[in-house]
Amino acid sequence: MKPLSVPERLTKNRFLLDEEQSHIEVNQEIAKSTGTGKLLVACCPAHVYAEEADGTISVEYAACLECGTCLAVAAPGALKWHYPRGGFGVQFREG
Amino acid sequence: MTQAAEPDFEVIVIGAGIAGCVAAYQLARQGRSVLLIERGEAPGSKNLSGGVLYSRGIQQVFPDFADAPVERRITRNYINFLNADSSVAIDYKDARLADPVNAVTVLRAKLDAWLSEKCEEAGAMIMPGVRVDRVLIEGTRVVGVQAGDDELRAHVVVAADGVNSFISKEAGLRRKEPLNHLAVGVKSVISLPRETIEQRFNLAGDEGAALAVVGDCTQGVGGGGFLYTNLDSLSVGIVVRLDDLTAKQKVVTDIFDHFLQHQFIAPYLEGGEVLEYGCHLVAEGGLHMVGEIVMDGMVVAGDAAGLTLNTGLTVRGMDLAVGSAVAAAEAIGEALDQKDTSKAALARYRDKLFASYVGQDMKTYAKAPHFLELERMYKQYGELFANVLYGSFNLDTQPRQHLLKVARKSLARSPLKMRQLARDGIAGARAL
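Protein chains in written order, with my numbering: chain C, 66 to 160; chain E, 6 to 437.
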């Protein structure tokens, strides 16, 4: 049995999307110069981060599972990450 | 001034996880006015664990814990060295673990909802859907919390805001952790019929199994895999240390997929459907990660205080959250009675914590994290064990050799040295 892809898995979850603001912000310059960008892509279990053709890191904040791994591996200044506003984001039904 | 005259609540608890709910419950039962603030839509909706709760402590807090929505009583612990083509395990099953109940599998969205109901019954006020942005600090003292434009004041704030604890970081109690103190857990909950689970794991009734796996499941990265039985689902996942994950430049979801597809793991999951996908940061630093947990007007409990333990056999966090919340509630109660909620008065929390099983166990296993950072734990030992057994079971019509000789030969072929084996044996005996 082939496991589901990450996007397929994420469709099983319940999310309440904050359409007004993202809780994640990458400093592209620092992310690039420190190698943080590649770490974010490799370490995020929800594939929130992706490296674009031009080398910048795109952010799909709606998929965030709010574990905080990205912030832990990021070099100082490379990433602003906080929990989404109250009531928004992933809402686990199992947990 | 040791505390303000007339705050909104005596105690504000940030985070309705296990530590937050137990602290709020105990304080409400003391007759204190308690506000429990939770950023999720409902208590439990942001909370996730691997799934095994060692439950003696929480049974003491809630005499009716038997009614709590837990999944299965763990009576079977399966400790597994997993290689690509072989697997060596200790399969420990014991009826004594069922009565009194020692450990249960839990799904936190369900359990924590129940815990918060208990808090409400005891008189605490619950405020879900609200994110605390920061604590209010006057001088050296925490005097309340700020959420959006609202300010709420209390004599004591309990930071039970989880492993990322923005609150204790911003209050200056915690720094950014080094990566060897942190791991990421990735988990799927996979539904299967009850009977299928009982057949596959050799269980009856509400008995449960906990499989702990090291080796090929994490592609050699420090950490392990787990597979826990719920009533009609499985919790399956990996936990990998961030220093090793980044150093080996692995993609965390590749490791997770590799585990799910492993020839010895996949058959357990066959036919199941993914119900949910989640992840969680795990504190792995042990005692070294427990820093300052008390300041004027605030204490830190549970994951936020770095209270998790990996002893090689048991992986604990939720029971430590319970113990820390019990200690915190006692200390806060005494401080409120004396109308002194300064750091010096609240320091009783730390004393009580370290007098309890929580602090004692953190000390006992203080060397465990360092021992578990040994690279060879995650590849070479499993292969060595399997090769010794292969040498014994593979009756290839050649004359047999004594087990000791087979073991020596396997060791000679392994990258492991006798010296390392002896050293790791002694270090392991001291650390675990």
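Built from N, CA and C at the ideal position, the CB exists for glycine as well.
Taking all protein chains in view, the Cβ of Asn207 (chain E) is surrounded by fewer than 16 other Cβ atoms within 10 Å, so the residue is classified as exposed. The criterion of a C-beta distance shorter than 7 Å is not satisfied by Gly133 (chain C) and Ile95 (chain C). Between Ala115 (chain C) and Val327 (chain E), the alpha-carbon positions lie close to 39 Å from each other. The beta carbon of Cys284 (chain E) falls within 7 Å of a beta carbon belonging to chain C, placing the residue at that interface. Here DSSP, grouped into helix, strand and coil, assigns His186 (chain E) to helix. Sequence-distant Cβ neighbours of Ala371 (chain E) in its own chain, meaning closer than 7 Å and more than five residues away, are Gly291 and Leu292. Two segments are said to touch when three or more pairs of C-beta atoms, one from each, lie closer than 8 Å; by this definition the stretch 29 to 48 of chain E does not touch the stretch 75 to 87 of chain E. For Ala350 (chain E) and Tyr362 (chain E), the gap between their C-alpha atoms comes out near 22 Å. Per DSSP, Ser397 (chain E) is one residue of the alpha helix (DSSP H) stretching across Gln385 to Phe398. Boundaries of the alpha helix (DSSP H) harbouring Leu250 (chain E): Leu247 to Ala252, taken from the DSSP string.
Residues are counted here when their Cβ sits less than 9 Å from a Cβ of chain E; for the stretch 100 to 119 of chain C these are Lys103, Leu104, Val106, Ala107, Cys108, Cys109, Pro110, Ala111 and His112, given in chain order.
Secondary structure of Val71 (chain C) (DSSP, three-state): helix. Within the DSSP bridge table, the entry for Glu156 (chain E) names E:Gln151 as partners.
Around Thr346 (chain E), the same chain offers Gln8, His160, Val161, Gly302 and Ala340 as residues with beta carbons nearer than 6 Å, after the five sequence neighbours per side are excluded. Just so you know, the alpha carbons of Asp117 (chain E) and Ala21 (chain E) end up roughly 7 Å apart. Taking the Cα positions, Ile63 (chain E) is about 30 Å away from Val148 (chain E). For the pair Cys284 (chain E) and Pro110 (chain C), the CB atoms are nearer than the 7 Å cut-off.
Between the C-alpha atoms of Arg139 (chain E) and Arg428 (chain E) there is a straight-line separation of about 47 Å. Taken atom to atom, the span from the alpha-carbon of Asn88 (chain E) to that of Leu416 (chain E) is near 16 Å. At a beta-carbon threshold of 9 Å, the residues of chain C lying near Arg113 (chain E) are Phe157, Glu159 and Gly160, ordered along the chain. Per DSSP, Ile84 (chain E) is one residue of the beta strand (DSSP E) stretching across Arg78 to Leu87.
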